[in-house]
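Protein chains in written order, with this note's numbering: chain C, 1010 to 1458; chain G, 585 to 678.
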């Protein structure tokens, strides 16, 4: 071919394309390459079964082809806009004078070898139960001190400190500096976790790193780091990368925060809000207490009043009031009676009264005079009849005078001792001294039988 | 019922021992105390006890919030007992 070129300096199209094609084929670098880029203009040629597309990045693009015998091994259908890494070789398409990337395999970005390793470790740990919710320790509500494993010069620590400042300005924090990417990172992260564990008052550890590629975040997928997190005596919050990045460290930690800032928000509550809550509770306490005391004291007042109403003074007072009442009633009754009486009195005029009294007097005098006359008459008649009776009686009586009998010659015998009349012979005892009365005198005698 | 009472009593006794109490426990107990004071028909004496307990817990919680001393440090070297700390300063944190 070289001889041919020497003889004639004019090339055919085919010749020059062939020449370039040979150059590509002879370049060791181009026979096996990995190219990262974004898929565009993807065409799945149905007739041939080959894939045709472009791979591009911000500054350039390259045509790609993936033949049927390669693409049938793919576990996914490439799509426009997908970030991928393509393994293949760069060759020329002589017919069109174009070079292109001949893809033998396509991997989605992040699903490379590292991703496979990640998945393997994840599966292993998952089986070991390292991700179990039951293993996870509670994050203290109010840590005495927060420990942070991160790069001391990065923006991550600034984000965390700014949030702490806003939410809980006096929260103490200690930084355990660590490399967060590269070969030394895993060991230094492990050491930082161990150091924070040796500080007694550190109650929670945040392992933090900003966003990055899977390679950059890789230390947080290392088994040694995962074990350090698992073995930490203090609860660990993992805040590695962005919301969409997941690492083994996230899974084994006690809590995953989507970002370092979010970790800071999770680890401390808002002090101002909590103080407000506390103040609200204090005023509720006071209110509950004061209403309780008010109720109790009003009840006490009521009972006190009730008790006072039964005190001796009160009882006495009640009696006095009762008596006063009676007195007042009496007074009012009396005064009513008096006024009624005086009303009656005033109905009668003194003159008429006197006249009436005079009339009464005259009438009674007359009656008395009549009665007197009547009595006098009665007395007189009684006296006359009494005198007659007396005379008659006297006459009758004088007939029976024993002295007259004695004058006729009769005598009376009487016991000398007792003066009793001896009416019969039997009454006279032998030798009894007797007196015999005659009209002209008495003589003593002795009974002799 | 009797068992629950016993439990409450135990909890109340525990609330008085503030030295070992955690902040969140204090806060929870304060809420419980308040709840009891507001919603339960308690004898006066017990209410007074609850109120005093509440005030104690309030003071405890406040003290816990204020007792933390603002201190940002960085481990400079060493491990375990030999660990050395020094103040950490960054211009970015105003």
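Each residue gets a CB set at the ideal place from its N, CA and C atoms; glycine is no exception.
With a contact defined as Cβ atoms closer than 8 Å, residue 1246(C) and residue 1148(C) qualify at about 7 Å. By a beta-carbon distance limit of 8 Å, residue 1423(C) contacts residue 1446(C). Their separation comes to about 7 Å.
Excluding five sequence positions before and after residue 1188(C), the CB atoms of its chain that fall closer than 6 Å to its own CB belong to 1194, 1197, given in chain order. The three-state secondary structure of residue 1218(C), taken from DSSP, is strand. Straight-line spacing of the CA atoms in residue 1433(C) and residue 1449(C) works out to 23 Å. For residue 1283(C), the chain G residues whose Cβ falls inside 7 Å of its Cβ are 649, in order along the chain. In this structure, residue 1071(C) lies near residue 1110(C), with their beta-carbon atoms less than 8 Å apart. Proximity of chain C to residue 655(G) at the Cβ level (cut-off 7 Å) is accounted for by 1181, in chain order. Take the alpha-carbon of residue 1426(C) and the one of residue 1398(C): they are about 39 Å apart.
With a threshold of 16 other beta carbon atoms within 10 Å, residue 1384(C) falls short and is exposed. Ranked by Cα distance from residue 1053(C), the first of 1046(C), 1076(C), 1067(C), 1047(C) is 1076(C). DSSP assignment within the segment 1099–1176 of chain C yields the following whole beta strand (DSSP E) runs of 3 residues or more, N-terminal first: 1107–1117, 1155–1159.
Counting only the Cα atoms, residue 1103(C) lies some 57 Å from residue 1186(C).
Each residue's CA atom was taken as its position, placing residue 1064(C) and residue 1050(C) some 9 Å apart.
Rounded to whole angstroms, the separation of the alpha carbons of residue 1156(C) and residue 672(G) is 13 Å. For residue 1047(C), the enclosing beta strand (DSSP E) starts and ends at 1042–1053. CA-to-CA, the gap between residue 1056(C) and residue 1223(C) works out to about 38 Å. Between residue 1306(C) and chain G, the shortest Cβ-Cβ separation is not below 8 Å.
If the five residues before and after residue 1018(C) are omitted, its C-beta is found closer than 7 Å to no C-beta atom of its own chain. Following the DSSP letters along the chain, one finds residue 1223(C) inside the alpha helix (DSSP H) bounded by residues 1223–1226.
In the pairwise beta carbon analysis, the segment 1115–1134 of chain C is classified as touching the segment 1087–1098 of chain C: at least three pairs are separated by under 8 Å. Rounded to the nearest angstrom, the Cβ distance from residue 1219(C) to residue 1165(C) is 5 Å, consistent with a contact under 8 Å. The three-state reading of DSSP puts residue 610(G) in helix, counting H, G and I together. The C-alpha of residue 1334(C) lies about 12 Å from the C-alpha of residue 1342(C). In the three-state DSSP reduction, residue 667(G) falls in the coil class, being neither helix nor strand. Along the segment 1181–1205 of chain C, the beta strand (DSSP E) occurs as fully enclosed runs of 3 or more residues at 1182–1186, listed in sequence order. Against chain G, the CB of residue 1186(C) has a partner CB under 8 Å away; the residue lies at that interface. Look at the segment 1288–1299 of chain C: the residues with a C-beta under 8 Å from a C-beta of chain G are 1290, 1291, 1293, 1294, 1297, 1298. Secondary structure at residue 1320(C): coil, using DSSP grouped into helix, strand and coil. Interface with chain C (8 Å Cβ-Cβ cutoff): residue 608(G) is included. Less than 8 Å divides the Cβ of residue 667(G) from the Cβ of residue 1208(C). Approximately 6 Å separates the beta-carbon atoms of residue 1215(C) and residue 1248(C); this is inside 8 Å, confirming the contact. The count of Cβ pairs closer than 8 Å, one atom from the segment 622–641 of chain G and one from the segment 1289–1308 of chain C, reaches three, so the stretches are in contact.
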